[in-house]
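Chains as they are written, first to last, in this note's numbering: chain V, -6 to 159; chain S, 601 to 783.
A short worksheet on the structure shown next.
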């Protein structure tokens, strides 16, 4: 995970530097603890007990432990894409499915790999597959993303972002 | 479908396109302290979310929040009965999941014999980050309901809801789409 200073001083990645098949620098998060999960539940007021009440999770719902929240995963993915685009690109779209559980003790790797790239309206669009794997290489959150990067010498990416027509 | 029966009834088809009330998603506008709790919980130390001087020099011109932040703003107002106490009074072994969060702007329930519900996936499209002080509004819609047959002859309904989040100027901040499998 980057520090504040690294995000403050992040150098722009340009569309020109991206190649199909390229793997983006991953984030490693964890090991996750019950306290991480509890903090997230409190922050977003998610009262589902399977995320913080271990007895309930195991003995009532038959789960292996309390579970990491899908909402946390779906917040980390746009964060990772945002950081890839800083400072002047735009993380436009992210989609994903929830496939496997995250439990305390897991160390997670957020990753993305370029599947295609194209130019539209003078902006560089990069399509990626992405996900969050646990320490056993199990994919918990497979998905796809579209980010928009500036082209060297090209136009600035507008803010607010204006999607291309068609 | 395998048994000739369809679960996509006329009643359900009529729900496609149904739009909920446009509601104010955050009660007091976006506050710095709520933002701090959120960004620390998601573990994003980006100074664009907390360093005002730095944020002034970015393309945003001021503090902003993560795009997805606006999807967590619809909370229970203090004017209603404490939903946690109420939830456990109604069901002492509540799993906590069904505890209401105000229910404002909600969509009609999908009534079907297919009662098992699974999350089929989510999408977020971000056009603009909420800025500190913004008042965020949300409006949900049943975007689609379709029926599919499983390989084992089972039936399922795929229900896709779309929610548009806007600011006080009516500008779109983000659009979320979530699909659920009813089987």
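Ideal Cβ positions, reconstructed from N, Cα and C, are used throughout, including at glycine.
Model, not experiment: these values are computed from the prediction.
Status (buried if at least 16 other CB within 10 Å, exposed otherwise) for residue 126 of chain V: As a working note, residue 126 of chain V is residue 133 in the first chain. With 16 or more Cβ atoms within 10 Å of its Cβ, residue 126 of chain V is classed as buried.
DSSP-derived helix/strand/coil call for residue -3 of chain V: Residue -3 of chain V sits at position 4 when you count from the first residue of the first chain. Helix at residue -3 of chain V.
Distance between beta carbons of residue 110 of chain V and residue 13 of chain V, contact taken as under 8 angstroms: Start at 1 with the first residue of the first chain, and residue 13 of chain V comes out as number 20. Start at 1 with the first residue of the first chain, and residue 110 of chain V comes out as number 117. Residue 13 of chain V to residue 110 of chain V, Cβ: 6 angstroms. Contact.
Where residue 601 of chain S falls, given that 16 or more other Cβ within 10 Å makes a residue buried: The sequence position of residue 601 of chain S within the second chain is 1, counting from 1. Its pLDDT being 46, under 50, residue 601 of chain S is placed unreliably by the model, and nothing is read from it.
Beta strand (DSSP E) runs contained entirely in the stretch 712 to 764 of chain S, provided each spans 3 or more residues: 717 to 726 and 737 to 749
Amino acids of chain V, ordered along the chain, whose beta-carbon sits closer than 7 angstroms to that of residue 681 of chain S: Position 81 of the second chain, counted from the first residue, corresponds to residue 681 of chain S. None at all; the shortest Cβ gap to chain V is about 15 angstroms.
DSSP bridge partner residues for residue 237 of chain V (one or two, in chain order): There is simply no residue 237 of chain V to check, as chain V begins at -6 and stops at 159 in what is shown.
CB contact below 8 angstroms: residue 81 of chain V versus chain S: Within the first chain, residue 81 of chain V is the residue found at index 88, counting from 1. Yes, residue 81 of chain V counts as interfacial toward chain S.
Residue-level contact to chain S via CB, residue 85 of chain V, 8 angstroms cutoff: Along the first chain, one-based indexing puts residue 85 of chain V at 92. By this cut-off, residue 85 of chain V is an interface position.
Local conformation of residue 601 of chain S per DSSP, three classes: If you number the second chain from 1, residue 601 of chain S lands on position 1. Caution is warranted here: a pLDDT of 46 is assigned to residue 601 of chain S, below 50, making its placement in the model unreliable, and no coordinate value can be reported.
Within chain V, partners of residue 658 of chain S - CB distance below 8 angstroms: As a working mapping, residue 658 of chain S is identified with position 58 in the second chain. Under the 8 angstroms cutoff, chain V gives 80.
Neighbouring residues, chain V, relative to residue 764 of chain S (Cβ below 7 angstroms): As a first step, residue 764 of chain S is located in the second chain; it is residue number 164 there, counting from the start. Neighbours of residue 764 of chain S on chain V: none; closest Cβ ~14 angstroms, over 7 angstroms.
Closest Cα partner of residue 115 of chain V within the set V:7, V:31 and V:2: Taking the first chain and counting its residues from 1, the one referred to as residue 115 of chain V is at position 122. The option with the nearest alpha carbon to residue 115 of chain V is V:7.
Neighbourhood of residue 613 of chain S by C-beta, 8 angstroms cutoff - its chain only, sequence neighbours within 5 removed: Here residue 613 of chain S is taken as the residue at index 13 of the second chain, counted from 1. So the list reads 745, once near-sequence residues are dropped.
Whole-angstrom C-beta distance between residue 740 of chain S and residue 759 of chain S, which should lie under 8 angstroms: By 1-based counting over the second chain, the position of residue 759 of chain S is 159. By 1-based counting over the second chain, the position of residue 740 of chain S is 140. Rounded to the nearest angstrom, the Cβ distance from residue 759 of chain S to residue 740 of chain S is 12 angstroms, too far for a contact under 8 angstroms.
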